[in-house]
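So the protein lines, in turn, are chains A and B.
Take 1 as the starting number for the first sequence in my numbering and just add one per residue.
Take 1 as the starting number for the second sequence in my numbering and just add one per residue.
Just so you know, even glycine gets a beta-carbon here, dropped at the ideal spot from N, CA and C.
Encoded as C-alpha cells, the structure appears first; notes follow it.
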Amino acid sequence: MPAPRRARTRLTCGLAATAVAAVLALAPLAEVTGTLREALAWVAGLAMVLAAAAALRLGSLLGPALVVLLAEYTVVLVGRGDRIDAAAPLFGAGLLLYAELASWAREARPGVSDERPVLVTRAIVVAASALAALGLGVLVLLAATLPAGGGLARLAIGVVATTLTLVLVVVVARPMSTRAPRG
Amino acid sequence: MTRRPSAKIAAYVGVAALALLAGLTLGRPELVAVAAPLAVLVVAGLATARDPELDAEVAVDRERALVGDQVTVTLSLRAGTRVERLEVLLVVPPGMEGPAGSPGGSSVAPRTTGTPRTWAAAVTLAAGEERALDIGLSCRRWGAYWLGDVHLRAHDRFRLFTWERHLDRHAPLKVFPVPEALRALVRPAETLVSTGSHVAPQRGDGIEFADLRSFMPGDRPRSINWRATARRGGLMVNQRHPERATDVVLFLDSFLDVRGPAGSTLDRAVGAAASLAAAYLRQRDRVGLVSFGGFVQWLQPGGGQTALYRLLDTLMETQVFATAAWKGIRHLPPRTLPAKALIVALTPLVDERGVAALFDLLARGYDLAVVDISPLARTGAAGGEWGGLAERLWALERETLRHRYQRLGAAVVEWPDALHLQQVLLEVEACRRRAGLAPG
Chain A
1 MPAPRRARTR LTCGLAATAV AAVLALAPLA EVTGTLREAL AWVAGLAMVL
51 AAAAALRLGS LLGPALVVLL AEYTVVLVGR GDRIDAAAPL FGAGLLLYAE
101 LASWAREARP GVSDERPVLV TRAIVVAASA LAALGLGVLV LLAATLPAGG
151 GLARLAIGVV ATTLTLVLVV VVARPMSTRA PRG
Chain B
1 MTRRPSAKIA AYVGVAALAL LAGLTLGRPE LVAVAAPLAV LVVAGLATAR
51 DPELDAEVAV DRERALVGDQ VTVTLSLRAG TRVERLEVLL VVPPGMEGPA
101 GSPGGSSVAP RTTGTPRTWA AAVTLAAGEE RALDIGLSCR RWGAYWLGDV
151 HLRAHDRFRL FTWERHLDRH APLKVFPVPE ALRALVRPAE TLVSTGSHVA
201 PQRGDGIEFA DLRSFMPGDR PRSINWRATA RRGGLMVNQR HPERATDVVL
251 FLDSFLDVRG PAGSTLDRAV GAAASLAAAY LRQRDRVGLV SFGGFVQWLQ
301 PGGGQTALYR LLDTLMETQV FATAAWKGIR HLPPRTLPAK ALIVALTPLV
351 DERGVAALFD LLARGYDLAV VDISPLARTG AAGGEWGGLA ERLWALERET
401 LRHRYQRLGA AVVEWPDALH LQQVLLEVEA CRRRAGLAPG
C-alpha cells in the first residue's frame, strides 16, 4: 500500500536517527564518573531531546543537536587526558549518519511519496557517506599519530584546515540562492 | 529554476568549524576526525552540485467533461542531466479529486491532501531520460478549471541544494453538469413567429385543433371538416394552433450560495439551468441567460448547438462574488430580455437584490416562472427553542414572498431537495395553468 510506505520512510528514518543520536549521547558517559558524569547526563538528555525533535518534528534543531552532541564528546575527551580516543572515527561517522537520517526524515514529506529507486539511491548514499566518514576519521587519526613533522607540522596542518573550513563557512554564508530569470 | 541551499549546509559547516577550532585549541585530533567528514561532505556537495537541465510539459486529454468523468493530466518530464530526486506536485483544484491509484503503473504513490489539495510524487530521472506521468483526476463539481499548476523541486545527491520551478502552462477544462432528462417543460404564454414545438394560441397551420369556421375562398380543401359541414349545411373548415418557437431566458440568481451537506443552491441552479437550456434548445427555442449576482453575465437568446455550448461556457463561469453594489435589471442590454420571452428564474430567494429584480421583471410585464431553490434544508437543524422559532419565521417569510409573486402573476414553486427537477417543472406548469398563464 502506497500510503503506509510514505509514513514508514519518515518514521523509520526519524526513529533510526533518534536511536543513533541516543547511542552518541549515552556512549561517552561510560568514560566518565562522579559529578562530571551526572552533569554530562543532563547534557546527554538535552542532546537526545534536541536530536529527536530535529529528526521527527523540527528540522531547524539539527544544528543545535549536533553542537550539543559535539560539546558532550569534547568534554569527555578533555577528561580523558592525553590518551587518543580510537573510537573518534566511529563518533564522527555516527554524527554524520544521525544528521543524514534526520534530514532524510524531514525530506520525506507527508504529501510526497518516493518511488523505489529514489529510496534505494538515497539509502546507498547515506550508507556510503557514513562508511567514508569512518574511513576518513581513521585516516585523520592515523595522520595525527605519525611521528614525522613533529607537533609544529601538525599544528600548521590544523591551522590550514581550520582556515579552509572558516573560508568554507564564509562561502556558505554568502547568498547561494539563485532566482530563475523572468520570462 | 530557483536554487536554494538546504539548512543542512549551515549546520554541517558550523559544527565542522567549531570542532576544528576546538581540536586546534585543545590539541585533540579526535575532534578533527569528527569534523572532517562533515566538512568533506559539504565540499563534495558544493563541487558536484549543478543546475539540473529539466524540461516539463503539462497536457490535459480534453477540454470539456461532464461531472463524474475522469480526465488525465499528463506531465512529460525530460532531463538533460541526472536528477537524483524530483518532487512533482500537481495542484488539484477544489471540485476535482486526485487519483486513488498509482500513475502510469509506476510504483509512485500519489495522494491528495487537504486544502489546497495536491497530488505529489518523487521520481529519479537519469540523464536524457524522458518520463510521462499520467495523473487521473475525477470531476466532482461543475465549473471552469485551469489544470496544470505544477511545482517541481529537484534535489542533488547530497541534498544540499534544491531547485524549484513553477509551471504555469495552464490547460483549460470545463466540467459541465450532467443534464437531466426533461420530458415536459414550462410552456410560454406567447410564442415567436418561427416554427417550433410549442402550441401557439394563435390560429394557423398546425396539428392541434383550435376551432371551426365557415369556408372562405383560399382555404385548402383538406381543411374542410366534412362532419361539421354535413351538420351545418355549409362548408366548415378546421382551424388549428400552429407550433411555434419561443424565447426563453434563464435567470440565475448568483448573489448568494447556501451550502449544506445536501449540496449548494448555486450547484442546483446551474445544473437545472443547463438541463433547461438543453431541453429548450432541443425544441428549437432560442435560449438566453442572465446570471444575476456579483458578476452580471448575460447572453442574448440564441438557438442551436452553438448557443448551447456558449450558454454552458457562460454557466461554468458563474460564481458567487461578494459585492455590496445594488444591481438592477436596467443594467442589462434590452435585447437580452425580449418582450415576449418566458423567463425562468432559478433563485434561492435569499438576497434582497435578486428578489427585487424579480419584482422589477414582473412590473415590466414579463412572463415569469420562478423556481425557488429552497435553502431551508441546507442551513441545518436550528438549535434550541429560539432557533426553531427563527426557522419557522424564515419559512413563513419565504412563503409570504412567494404569495406576493403569485399575486403579481408569476408562477412560483419551491424546489425542496427531495424533488426531481421534472416534478418541479410540472408543478410550475400546473400553477401557470391555474393562473391562466399557460395554454390549457
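#### Entry: Under 7 Å from the C-beta of A:ALA133: neighbouring residues of chain B
The count along the first sequence starts at 1 and reaches residue 133 of chain A at position 133. Those within 7 Å of A:ALA133 in chain B are PRO37.
### Query
At least one CB of chain A closer than 8 Å to the CB of B:GLU180: is that the case?
On the second sequence, position 180 is the one that residue 180 of chain B refers to. Judged by the 8 Å Cβ criterion, B:GLU180 is not in contact with chain A.
### Task
Could you run through the region 65–95 of chain A and flag, in chain order, every residue whose CB is less than 8 Å away from some CB of chain B?
Near chain B, meaning a CB-to-CB distance below 8 Å, the residues of the region 65–95 of chain A are LEU66, VAL67, LEU70, TYR73, THR74, LEU77, VAL78, ILE84, ASP85, ALA88, PRO89, PHE91, GLY92, ALA93 and LEU95.
### Cβ contact (3+ pairs, closer than 8 Å) linking the region 148–160 of chain B and the region 46–65 of chain B
yes
### Task
Assuming B:VAL442 and B:LEU315 form a contact by the criterion Cβ under 8 Å, report the distance between their Cβ atoms to the nearest whole angstrom.
Nothing in the structure corresponds to residue 442 of chain B, since chain B is present only between 1 and 440.
### Task
With 8 Å as the threshold, decide whether the Cβ of A:LEU24 is near any Cβ in chain B.
Counting from 1 along the first sequence, the entry for residue 24 of chain A is found at position 24. With 8 Å as the cut-off, A:LEU24 does not count as an interface residue toward chain B.
### Query
Within this structure, are the beta carbons of B:ALA411 and B:VAL350 separated by less than 8 Å?
Within the second sequence, numbered from 1, the residue matching residue 411 of chain B stands at position 411. Within the second sequence, numbered from 1, the residue matching residue 350 of chain B stands at position 350. The answer is no: Cβ separation not under 8 Å.
### Task
Look up B:THR306 in the DSSP assignment and say whether it is helix, strand or coil.
For the purposes of this step, residue 306 of chain B is taken as the residue at position 306 of the second sequence. The answer is helix: DSSP assigns B:THR306 an H, G or I state.
### Task
Give the residues of chain A in contact with B:ARG87, contact being defined as C-beta atoms less than 7 Å apart.
Numbered from 1 along the second sequence, position 87 holds the residue referred to as residue 87 of chain B. It is Glu, not Arg, that sits at residue 87 of chain B in the sequence shown. Simply VAL112.
### Query
B:LEU20 to A:GLY111, Cα distance in whole Å?
Against the second sequence, residue 20 of chain B aligns to sequence position 20. Against the first sequence, residue 111 of chain A aligns to sequence position 111. Taking the straight line from one Cα to the other gives about 39 Å.
### Task
Kindly say whether A:THR18, judged by its beta-carbon, lies nearer than 8 Å to any beta-carbon of chain B.
Within the first sequence, residue 18 of chain A is the residue found at index 18, counting from 1. Judged by the 8 Å Cβ criterion, A:THR18 is not in contact with chain B.
### Alpha carbon of B:GLN406 to alpha carbon of B:ARG432, nearest angstrom
Stepping through the second sequence from its first residue, residue 406 of chain B is reached at position 406. Stepping through the second sequence from its first residue, residue 432 of chain B is reached at position 432. Straight-line Cα distance between these residues: approximately 10 Å.
### Query
Which residues does DSSP pair with B:GLN297 in a beta bridge?
Start at 1 with the first residue of the second sequence, and residue 297 of chain B comes out as number 297. Answer is B:SER291.
#### Entry: Any chain A beta carbon closer than 8 Å to B:ARG444
Here chain B comprises residues numbered 1 to 440, so residue 444 of chain B is not present and cannot be evaluated.
#### Entry: B:GLU352 in three-state terms, based on DSSP
Against the second sequence, residue 352 of chain B aligns to sequence position 352. B:GLU352: helix per DSSP, three-state reduction.
### Query
Near A:LEU97, what residues of its chain come up, given a Cβ to Cβ distance below 6 Å and the 5 sequence neighbours on each side ignored?
Along the first sequence, read from residue 1 onward, the residue named residue 97 of chain A stands at position 97. Taken in chain order, the residues that qualify are VAL20 and ALA130.
### Task
Please check the pair B:PHE209 and B:VAL237, which I expect to be a contact at CB under 8 Å, by giving their CB distance rounded to whole angstroms.
Translated into the one-based positions of the second sequence, residue 209 of chain B becomes position 209. Translated into the one-based positions of the second sequence, residue 237 of chain B becomes position 237. So it is not a contact: roughly 12 Å between Cβ atoms.
### Beta-carbon neighbours of B:THR124, restricted to chain C and to distances below 8 Å
In the structure shown, chain C does not exist; the protein chains are A and B.
### Message
Could you check whether the Cβ of A:LEU166 sits closer than 8 Å to any Cβ belonging to chain B?
### Response
As a first step, residue 166 of chain A is located in the first sequence; it is residue number 166 there, counting from the start. By this cut-off, A:LEU166 is an interface position.
### Message
I'd like to know whether the C-beta of A:GLU107 is nearer than 8 Å to at least one C-beta of chain B.
### Response
For the purposes of this step, residue 107 of chain A is taken as residue 107 along the first sequence, with counting starting at 1. Yes - at least one Cβ of chain B is within 8 Å of the one on A:GLU107.
### Query
List, in order along the chain, the chain A residues whose C-beta lies closer than 9 Å to that of B:PRO29?
By one-based count along the second sequence, residue 29 of chain B stands at place 29. Within 9 Å Cβ-Cβ: ILE84, ALA88, VAL140, LEU141, ALA143, ALA144, THR145, ARG154 and GLY158.
### Task
Below 8 Å between beta carbons is the criterion; list the residues of the region 59–92 of chain B that meet it against any residue of chain A, in chain order.
Listed by position, the residues of the region 59–92 of chain B near chain A (Cβ gap below 8 Å) are GLU84, ARG85, GLU87 and LEU89.
### Query
If you drop the 5 nearest sequence neighbours on each side, which residues of the same chain put their C-beta closer than 6 Å to that of B:ARG364?
Here the question's residue 364 of chain B lines up with position 364 in the second sequence. Once the five neighbours on either side are set aside, B:ARG364 has no close Cβ partner at all.
### Query
In chain order, which continuous runs of the beta strand (DSSP E) of length 3 or greater are located wholly inside the region 140–193 of chain B?
143–147, 150–155, 161–167 and 171–176, all fully within the region 140–193 of chain B.
### Query
Nearest CA to the CA of B:ALA36: which residue from A:LEU152, A:GLY92 and A:ILE157?
Taking the first residue of the second sequence as 1, we reach residue 36 of chain B at position 36. Checking every option, the nearest Cα to that of B:ALA36 belongs to A:GLY92.
### Opening and closing residue of the alpha helix (DSSP H) in which B:ALA79 lies
Here residue 79 of chain B is taken as the residue at index 79 of the second sequence, counted from 1. It is not in any alpha helix (DSSP H) - B:ALA79 instead sits in the beta strand (DSSP E) that spans 70–79.
### Query
How many Å lie between A:GLU16 and A:ALA71 at the Cα?
Residue numbering aside, residue 16 of chain A sits at position 16 when the first sequence is read from its first letter. Residue numbering aside, residue 71 of chain A sits at position 71 when the first sequence is read from its first letter. Checking the displayed sequence, the identity of residue 16 of chain A turns out to be Ala instead of Glu. Taken atom to atom, the span from the alpha-carbon of A:ALA16 to that of A:ALA71 is near 22 Å.
### Query
What number of angstroms, rounded off, separates the C-alpha of B:HIS166 from the C-alpha of B:ALA44?
The count along the second sequence starts at 1 and reaches residue 166 of chain B at position 166. The count along the second sequence starts at 1 and reaches residue 44 of chain B at position 44. The alpha-carbon atoms of B:HIS166 and B:ALA44 are separated by roughly 28 Å.
### Query
Taking the alpha helix (DSSP H) that A:GLY94 falls in, what are its first and last residues?
Here residue 94 of chain A refers to the residue found at position 94 when the first sequence is read from its first residue. First-last of the alpha helix (DSSP H) with A:GLY94: 88–107.
### Task
Compute every distance between the C-beta of A:LEU90 and the non-hydrogen atoms of the ligand HEM, then say whether any falls below 7 Å.
The model depicted lacks the ligand HEM and carries no ligand whatsoever.
### Task
Please state whether DSSP places B:LEU250 in a helix, a strand or coil.
Residue mapping note: residue 250 of chain B aligns to position 250 of the second sequence, counting from 1. Looking at B:LEU250 - three-state DSSP - the assignment turns out to be strand.
### Task
Check whether the Cβ atoms of B:ALA395 and B:LEU408 sit closer than 8 Å, and answer yes or no.
The sequence position of residue 395 of chain B within the second sequence is 395, counting from 1. The sequence position of residue 408 of chain B within the second sequence is 408, counting from 1. For B:ALA395 and B:LEU408, no; Cβs fall outside 8 Å.
### Query
Anyone know if the C-beta pair for B:VAL73 and B:LEU137 falls short of 8 Å?
The count along the second sequence starts at 1 and reaches residue 73 of chain B at position 73. The count along the second sequence starts at 1 and reaches residue 137 of chain B at position 137. Yes.
### CA-to-CA distance, B:GLY233 to B:GLY218, given in whole angstroms
On the second sequence, position 218 is the one that residue 218 of chain B refers to. On the second sequence, position 233 is the one that residue 233 of chain B refers to. Using only the alpha carbons, I get a separation of about 20 Å.
### Task
Can you grab the Cα-Cα spacing for the pair B:GLU352 / B:GLN283, in whole Å?
Here residue 352 of chain B is taken as the residue at index 352 of the second sequence, counted from 1. Here residue 283 of chain B is taken as the residue at index 283 of the second sequence, counted from 1. Straight-line Cα distance between these residues: approximately 34 Å.
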